[in-house]
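The structure appears right after this line, and notes come after that.
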RNA sequence: GCAGCUGUAGCUCAGUUGGUUAGAGCGCUUGGUUGUGGACCAAGAGGUCGGUGGUUCGAUCCCACCCAGCUGUACCA
């Protein structure tokens, strides 16, 4: 047989399969989060994965730059794109249904989004976002609500109070400072804002470098800086490192800056009323790189260590954030309309929580009923019915392997138990239940080979002796109870 | 996009100062008891040594280019 080129079973880069614990956890978290969003008065919305490209952004995939961020396709009439976030579709939805919506309009949405860009550690090209937005409310109670909702949601997801923090600031602060420093060039402003946003990652020295000439990264690559004067960058750094809100107030008398302070004050008055008042804190280094924020900005940070792929401990960082953006539907209506919202990166949250409480998730794998003789299927089905009607996940082995192969199968499936119902049992009206979970635990404790062989030596005493502790034979009536005990 | 590093079995990696059949551990399949999983024993499957071109009698090894992956960085509506 000549060798054919075989297909390589693999996924495109940036995509991955999800299974097992992670999926179970995902479903649970989504339930918790949805429920909480409803509790806060948000209504659910689902929009399609595809939108007409020009409705959700200016980015069309073209020949020059096929990797321009979105996955796009041309159908009969239009370029259509997979959504890259849930905010742009919301804008389309609100504009399209403007007359029929309550104002303010509060909705939440859980959905997959796609980004056609380079993937990195923990960054995929397909992931799930959960968003809550309030559209049409200038009132700062909407912003305060978002912060409280974020904190409450994280706590309901199982995080302790010392493990997360909602950090909040206002875009107007840094904008006011930039006015003070007479920095008017738009791209320079943006460079400063982006530099400030990198405080967590590159540190004070890094931000300083980015504000002046530039920064050389670990690989030796050079990033050009904002080219500020010494005293200018010092003022920015001074602002970014002043965590005390009352001290911040005295940093500038600029009117935009004062407006920002005033807004933050109004928000804090409201968040202080919640049970999460100490979890919502001012932090000047929250800037957020995205251009469209116009007022308050928030970010949810986790403060426990997690292990990365290589097993090194790392601080987890942000799992979500948001802010006020008052130009939401400008693309469709030419008029501005206030909105504020948050977005939770579900996959990152799952990863964090999975790391935190690993083995707590209950296994839901099925009990496996072994097949001795295919002529006895009626007997096996009797047991199956018993188990399933008691809501116990279970199955009859559906392959063709020997009993040994069936054991291996059950082992690999992580089945809690195997049921042996052969001629002997059928005759005597009993079943044999082999507890795989216990056996696995016992074998995990064995470190030296001798320990293992010692157990096997017990075999000479007879199989019953050897298997005794992990295997029981009992009357059929007790089957369900015995299984329930070992689950 | 830019920069640095790395590509040998499913995974982690040896190795060949350029020479005929390419190595290990783990994993996988099967058997060792036609009624018993796991760290035991045995056998087996699995590789165009990332791709293309060049140098050479001969390249997995040397050279050039390309591609892919990783890491950092930039961008991220």
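Residue numbers (our numbering): 9 to 495. Just so it is clear, CB atoms sit at the ideal spot from N, CA and C, and this is done for glycine as well.
Nearest-angstrom Cβ-Cβ length linking residue i and residue j, presumed shorter than 8 Å
i           : j           : result
residue 58  : residue 90  : 6 Å
residue 234 : residue 199 : 4 Å
residue 265 : residue 184 : 3 Å
residue 268 : residue 306 : Between residue 306 and residue 268 the Cβ distance is about 14 Å, and since that is not below 8 Å, they are no contact.
residue 358 : residue 175 : Between residue 175 and residue 358 the Cβ distance is about 22 Å, and since that is not below 8 Å, they are no contact.
residue 375 : residue 402 : 4 Å
residue 143 : residue 393 : With 8 Å as the limit, residue 143 and residue 393 do not qualify as a contact, their Cβ atoms being about 52 Å apart.
DSSP beta-bridge partners of residue i
i           : result
residue 131 : 128
residue 172 : 310
residue 141 : 115, 349
residue 90  : 58
residue 402 : 375
residue 335 : 345
residue 77  : 124
residue 232 : 222
residue 449 : BP columns for residue 449 are empty, so no partner.
residue 177 : 305
residue 51  : 115
residue 136 : 120
residue 524 : There is no way to answer for residue 524, as the model of the chain reaches only from 9 to 495.
Residue i versus residue j: straight-line alpha-carbon distance, rounded
i           : j           : result
residue 156 : residue 404 : 49 Å
residue 70  : residue 145 : Confidence at residue 70 is low in this model, with a pLDDT of 45, below 50, so its placement is unreliable and the value that follows should be read with caution. If you take the alpha carbons of residue 70 and residue 145, they lie about 37 Å apart.
residue 274 : residue 285 : 13 Å
residue 22  : residue 79  : 13 Å
residue 187 : residue 262 : 8 Å
residue 135 : residue 435 : 55 Å
residue 49  : residue 114 : 7 Å
residue 487 : residue 32  : 27 Å
residue 484 : residue 492 : 14 Å
residue 471 : residue 480 : Its pLDDT being 44, under 50, residue 471 is placed unreliably in this model, and the coordinates cannot settle the point.
residue 41  : residue 35  : 10 Å
residue 123 : residue 92  : 5 Å
residue 229 : residue 222 : 10 Å
residue 72  : residue 65  : Note that residue 72 scores a pLDDT of 43, beneath 50, so its modelled location is shaky and nothing firm can be said.
residue 47  : residue 161 : 11 Å
residue 254 : residue 271 : 14 Å
residue 30  : residue 239 : 50 Å
residue 130 : residue 278 : 35 Å
residue 333 : residue 141 : 10 Å
residue 100 : residue 195 : 28 Å
residue 206 : residue 110 : 38 Å
residue 504 : residue 202 : Because the chain in this structure spans residues 9 to 495, residue 504 falls outside the shown range and cannot be described.
residue 163 : residue 119 : 22 Å
residue 248 : residue 204 : 7 Å
residue 74  : residue 338 : Any reading at residue 74 needs caution, since the residue's pLDDT is 42, under 50, leaving its predicted position unreliable; the model's value is listed next. Computed Cα separation, rounded: 27 Å.
residue 56  : residue 378 : 45 Å
residue 149 : residue 304 : 12 Å
residue 181 : residue 43  : 35 Å
residue 395 : residue 26  : 28 Å
residue 445 : residue 413 : 18 Å
residue 473 : residue 399 : Only weak support is given to the placement of residue 473: the predicted model assigns it a pLDDT of 44, under 50, and the value that follows is read from those uncertain coordinates. Going from the Cα of residue 473 to the Cα of residue 399 covers about 32 Å.
residue 344 : residue 112 : 14 Å
residue 478 : residue 490 : 12 Å
residue 220 : residue 297 : 18 Å
Boundaries of the beta strand (DSSP E) in which residue i is found, first to last residue
i           : result
residue 31  : Careful: residue 31 lies outside any beta strand (DSSP E), inside the alpha helix (DSSP H) at 28-47.
residue 269 : Unbroken run through residue 269 is the alpha helix (DSSP H), 263-279; no beta strand (DSSP E).
residue 376 : 375-377
residue 426 : 425-428
residue 483 : 479-483
residue 439 : 438-443
residue 288 : 288-290
Extent of the continuous alpha helix (DSSP H) run through residue i
i           : result
residue 192 : Run containing residue 192: none; DSSP gives neither H nor E here.
residue 253 : 253-256
residue 241 : 238-248
residue 301 : It is not in any alpha helix (DSSP H) - residue 301 carries neither H nor E in the DSSP assignment.
residue 389 : 385-397
residue 355 : 354-364
residue 151 : 148-164
residue 99  : 95-104
residue 490 : 487-494
Closer than 7 Å: residue i CB and nearest the ligand MG heavy atom
i           : result
residue 161 : You won't find the ligand MG in this model; it holds no ligand whatsoever.
- [ ] Check whether the stretch 153-170 touches the stretch 278-295, taking contact to mean three or more Cβ pairs, one atom from each stretch, closer than 8 Å.
- [x] yes
Task: Validate contact between the stretch 158-175 and the stretch 202-217 using beta carbons, cut 8 Å, 3 pairs - done: no
- [ ] Tell me, please, whether the stretch 323-340 touches the stretch 298-312 by the rule of three or more beta-carbon pairs shorter than 8 Å.
- [x] Taking a cut-off of 8 Å on C-beta distances, the stretch 323-340 touches the stretch 298-312, as three or more cross pairs fall below it.
Task: Three or more C-beta pairs below 8 Å linking the stretch 384-393 and the stretch 415-432 - done: yes
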